[in-house]
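**Q**
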Amino acid sequence: MLSKKNNRLMVNEIENPINDLKKMSDALAQNHLEYRIQNYPQNELGKLSESMNTMAEQLNVLMAENALKQYNLAQSELRTLQSQITPHFIYNSLDAIISLASLGELDLVQKMTYALSDFFRISLSKGRDFILVEKEIQHITDYLTILKIRYGETLDYKIEIDSTLYHYQMLKIILQPIVENAIYHGTKLVRRTGMIEISGELITNNMHFYVKDNGKGIEKEHLAKLNHDLANGLSSEFNEGYGLFNVNKRLLLYYDNKAKITLDSTYEVGTIVHIVIPTNCIEDERH
C-alpha cells in the first residue's frame, strides 16, 4: 500500500482531469455541444478526455443530420450516443476512480480508467455505425468491468460467445443498453447477487445473442404487451423499457425489419432477451 502522502499526490494528479470530465458531462447533458476540454494529460484519462471531445463533435453532426432525409436513423443514433454519456454513469465511475486512488488501489484505478476510456472509444468507433462483433463484446465487457468494480460482490457476470461470430459485422451499441436495462430494472430490484449472462451463437445466416438476468422478471400480461410492441416496432409505454426499445428501433431501421428482439421472462425469477441479427454474409476483410 502507498503512504498517505503518495496517495494524496496521486489523487491530486487525477482530480483535475476528472473534474474537467465532469464539467463536460454536464455541458453535453444540457446540449452545450460546443464545449471542449482544452488541456488533458498524456494518459488514459487524457484519452478519455479526447474521446469526450470527439463524441461532442459527433453529436453535433448527428444533430445536423436530423434535418435531412435520414431523420429517423439520425435521431436514433443521436439518442444512442447521448445514452452513453449520461451524467450519473460518468460521475459515479469517475468518483469511484478517485475513491480507489485515495485507497491506494493502483491496479483497480488503472483497470477502471482503461475500461472507461475503451468503452467510449468503441462507442465512437470513428463515426462508423457497424463494428466487428468482437468489438461489441469488448464494449459490453468494458461496461460490466466498470460496474463490477463499483458494485463488488453484489454483481457478477459471464460472457460466452461463439468465436465464429467475432469477425462478422453488427450494428454497434446493441448489447450495452439491454444489459443496463437488465441491471437497473432487474437485478438491482432483488436481494440476491445480480447475475448477468451473455451468450451468442451463429445459426444458419443469423447471429443470436442472449442476455439473461436473475432479476425481478416480468409479469405475464406485461410481457405479452412488451413482445407485441417490439414485434411491431412500437414505443413502450413503460419507462423501464426505453433502452430496449431504442435498440429495437435501430435494428428494425438498419436491418430492414429482418432483425428482432423477443423477451422470455418468469416473474421473480429473471428475464432472457433474445436478439436475432442477420449476418448478410458481411465478414471482416481479413477473412
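Under the UniProt record's numbering, think of the first position of the sequence shown as 1, with each following residue one higher. We put the beta carbon where it would ideally sit given N, CA and C, even for glycine.
Between the Cα of residue 86 and the Cα atoms of 22, 244 and 225, which residue gives the shortest distance?
**A** Minimum Cα distance to residue 86 is reached at 22.
**Q** Name the one or two DSSP bridge partners that residue 206 has.
**A** According to DSSP, residue 206 bridges with 203 and 278.
**Q** Using the Cα positions of residue 69 and residue 100, report the straight-line distance between them to the nearest angstrom.
**A** Its pLDDT being 44, under 50, residue 69 is placed unreliably in this model, and the value from its coordinates should be taken loosely. Roughly 47 Å separates the two Cα atoms.
**Q** Can you give the Cα-Cα distance for residue 123 and residue 191, rounded to whole angstroms?
**A** Spanning the two alpha carbons is a distance of roughly 32 Å.
**Q** Return the chain-ordered list of same chain residues with a C-beta closer than 6 Å to the C-beta of residue 135, the five sequence neighbours on each side being excluded.
**A** Counting only Cβ-Cβ distances below 6 Å, and skipping sequence neighbours, we find 122.
**Q** Among 157, 88, 168 and 38, whose alpha-carbon lies nearest the alpha-carbon of residue 288?
**A** The question about residue 288 has no answer, for the chain in this structure spans 1 to 287.
**Q** How would you write the range of the beta strand (DSSP E) that residue 169 sits in, first residue to last?
**A** Element bounds for residue 169: 169-171.
**Q** Quick one: residues in its chain with C-beta nearer than 7 Å to the C-beta of residue 153, no 5 flanking neighbours on either side, listed in chain order?
**A** Here the set comprises 193.
**Q** Would you call the stretch 200-210 and the stretch 224-235 touching, i.e. three or more CB-CB distances under 8 Å?
**A** The stretch 200-210 is not in contact with the stretch 224-235.
**Q** Within the same chain, show all residues whose beta-carbon is closer than 6 Å to that of residue 195, passing over the 5 residues directly before and after it, in chain order.
**A** Within the same chain, residue 195 has close Cβ partners 156 and 214.
**Q** From the DSSP output, read off the bridge partner residues of residue 211.
**A** Residue 211 pairs with 198 and 273.
**Q** Expressed to the nearest angstrom, what Euclidean distance is found between the alpha-carbon atoms of residue 220 and residue 243?
**A** In a straight line, the C-alpha of residue 220 is about 21 Å away from that of residue 243.
**Q** So, at 6 Å on beta carbons, what are the nonlocal neighbours of residue 27 in its own chain, with the 5 sequence-adjacent residues on each side left out?
**A** Cβ within range, chain order: 35.
**Q** Please work out which residues of its chain come closer than 8 Å, Cβ to Cβ, to residue 269, disregarding the five sequence neighbours upstream and downstream, and give them in chain order.
**A** Within the same chain, residue 269 has close Cβ partners 214 and 217.
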